[in-house]
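Just below is one structure, and these are the notes that go with it.
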Amino acid sequence: MSRTPTPSSASSPASPSASPSAPSSSSSSSSVPVFPSACSSACPPARPVPPFPPLRVGRGGDRLRRALRRRRRAVSAGLAVAAAALAVGGTEAQASRGAAPAAVRVSPEPAQQPAAVRMVSAPVRIADAATVRLLRPGDRVDVVAAERAGPPRVVAEGARVAELPDPDQGVGDGGALVVLSVPRDTARALVGVGTTARLAVTLC
Numbered sequence: 008m009s010r011t012p013t014p015s016s017a018s019s020p021a022s023p024s025a026s027p028s029a030p031s032s033s034s035s036s037s038s039v040p041v042f043p044s045a046c047s048s049a050c051p052p053a054r055p056v057p058p059f060p061p062l063r064v065g066r067g068g069d070r071l072r073r074a075l076r077r078r079r080r081a082v083s084a085g086l087a088v089a090a091a092a093l094a095v096g097g098t099e100a101q102a103s104r105g106a107a108p109a110a111v112r113v114s115p116e117p118a119q120q121p122a123a124v125r126m127v128s129a130p131v132r133i134a135d136a137a138t139v140r141l142l143r144p145g146d147r148v149d150v151v152a153a154e155r156a157g158p159p160r161v162v163a164e165g166a167r168v169a170e171l172p173d174p175d176q177g178v179g180d181g182g183a184l185v186v187l188s189v190p191r192d193t194a195r196a197l198v199g200v201g202t203t204a205r206l207a208v209t210l211c
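So for the sequence shown, the working numbering puts the first residue at 8; every next one is plus one.
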């Protein structure tokens, strides 16, 4: 006796073809990796902003402006000083280049001092004895010669009175002697004039 095939038995051969598709779906789902969320562990929780006083910007800005002004003034002053120093240095350098060489001062040779004048004592007869009595040693006198032929003239100037002899030793005509300290040439002139003219003295 033969059996007719049933639908279940007829479709059974096709079942093996459907079975291979199942592994493909499982393999596709396993190829995509799944990572845990990192934000949930790294990000801190949100916190509210604490209250704070209002910021005042105006005062800080004024301080900054004042500091800038001071700095500008300091820089300007430094530039002015540097310019003045350069100007002075240039002027001095120009003057040193254009100035004539300084003259060398040569000290003059010391003038030869005149030889010491040798003083001598000259006794002189003075016509007026009363005038001689007024004199003292150390006085300075000028000796004047009164000649008959001409006007009086000064024979000795500033002669120093060295000695006054005793009036009793005066000359017979009423005159008086006086010793004068004068140079040698002046002493010779007094002796020569005393023989021809009357001599008088005046206090210096």
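Backbone N, C-alpha and C fix where the C-beta goes; we use that ideal spot for every residue, glycine too. Source: prediction; values computed, not measured.
N- and C-terminal bounds of the alpha helix (DSSP H) containing residue i
i	result
Gly201	191-201
Arg132	First-last for Arg132: 126-133, but that is the beta strand (DSSP E), not the alpha helix (DSSP H).
Arg140	136-140
Selection from the options that minimises the alpha carbon distance to residue i
i	options	result
Ala196	Val88, Val161, Leu141	Val161
Val168	Arg155, Thr138, Leu93	Thr138
Ala129	Val186, Arg78, Phe59	Val186
Residues sharing a beta bridge with residue i, DSSP
i	result
Glu154	In the DSSP output, where bridge partners are listed per residue, Glu154 has none listed.
Leu206	Ala152
Ser188	Ser128, Arg167
Arg80	None, per the DSSP bridge assignment.
Arg147	Arg167
Val183	First, the residue type needs correcting, since residue 183 is Ala and not Val in the sequence shown. Beta-bridge pairing links Ala183 to Ile133.
Whole-angstrom distance between residue j and residue i, CA atom to CA atom
i	j	result
Ser188	Gly201	16 Å
Thr209	Arg125	24 Å
Glu170	Leu184	9 Å
Ser33	Pro52	With a pLDDT of 45 at Ser33, under the threshold of 50, the predicted position of this residue should be treated as unreliable, though the coordinate-derived value follows. Going from the Cα of Ser33 to the Cα of Pro52 covers about 39 Å.
Gly199	Val151	13 Å
Gly85	Arg70	23 Å
Pro158	Leu206	13 Å
Arg77	Pro55	43 Å
Cys211	Arg140	16 Å
Ala87	Arg79	12 Å
Ala92	Arg72	30 Å
Supposed contact pair residue j and residue i - C-beta distance, whole angstroms, cut 8 Å
i	j	result
Arg191	Val131	Actually they do not touch by this definition, with Cβ atoms about 15 Å apart.
Ala134	Asp149	Actually they do not touch by this definition, with Cβ atoms about 15 Å apart.
Ala166	Arg147	7 Å
Ala153	Ala204	6 Å
Ala136	Gly182	6 Å
Host beta strand (DSSP E) of residue i (start-end)
i	result
Val161	160-170
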